Amino acid sequence: MPLSEHEQRLFEQIERSLAEDPKFASAVRASDPRFHARRRLLVAAGLIIAGLALLVYGAVIKTPPLAVAGFVVMLASAAFAVQSHRRSQSPDLHVVGGTASRRRSRGRAGRRPGFIDRMEDRWRQRPEGHR
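Structure representation (structure tokens):
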């Protein structure tokens, strides 16, 4: 249901007042999901290196459980890095003044729209009398 003109004006006024509040803007910037995703990627890279070191150390001193533990740490860190990278690519709200938009498969070159996208398009294109 679309907002009325009065509600849209109120919404824009609230949006402007929040964007002009420096304390709020700095708080939102500090909780920027892209910043946290980048930090998680760096932590995962460090853990991958630590897992590799543990694997090599376990192989050198001929302790298979230690080498296996190093491999498991590397594997878990790589999964964590992939998850963090995907999360950083998601269309979340970013910083104040930024935009939050849904990614549409129509905008991606070479990819077919998914089932949900096709159903949404059909819903939008239906005759107005059939609700």
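Take 1 as the starting number for the sequence shown in the UniProt record's numbering and just add one per residue.
Built from N, CA and C at the ideal position, the CB exists for glycine as well.
A quick note: this is a predicted structure, and the numbers were derived from the prediction, not measured.
The Cβ atoms of residue 84 and residue 48 do not sit closer than 8 Å to each other. In chain order, 51, 54, 55 and 58 place their CB closer than 6 Å to the CB of residue 70, counting only its own chain and leaving out the 5 sequence neighbours on each side.
DSSP places residue 5 inside the alpha helix (DSSP H), whose first and last residues are 5–20.
Burial state of residue 44 is buried, judged by a 10 Å Cβ sphere holding 16 or more other Cβ atoms. Exposure of residue 72 is indicated by the presence of fewer than 16 other C-beta atoms within 10 angstroms of its C-beta.
Non-local C-beta neighbours of residue 24 in its own chain, meaning closer than 6 Å and more than five positions away in sequence, comprise 18, ordered along the chain.
DSSP places residue 122 in the helix class (H, G or I) of the three-state scheme. Here residue 119 is exposed: its Cβ has fewer than 16 other Cβ atoms, across all protein chains shown, within 10 Å.
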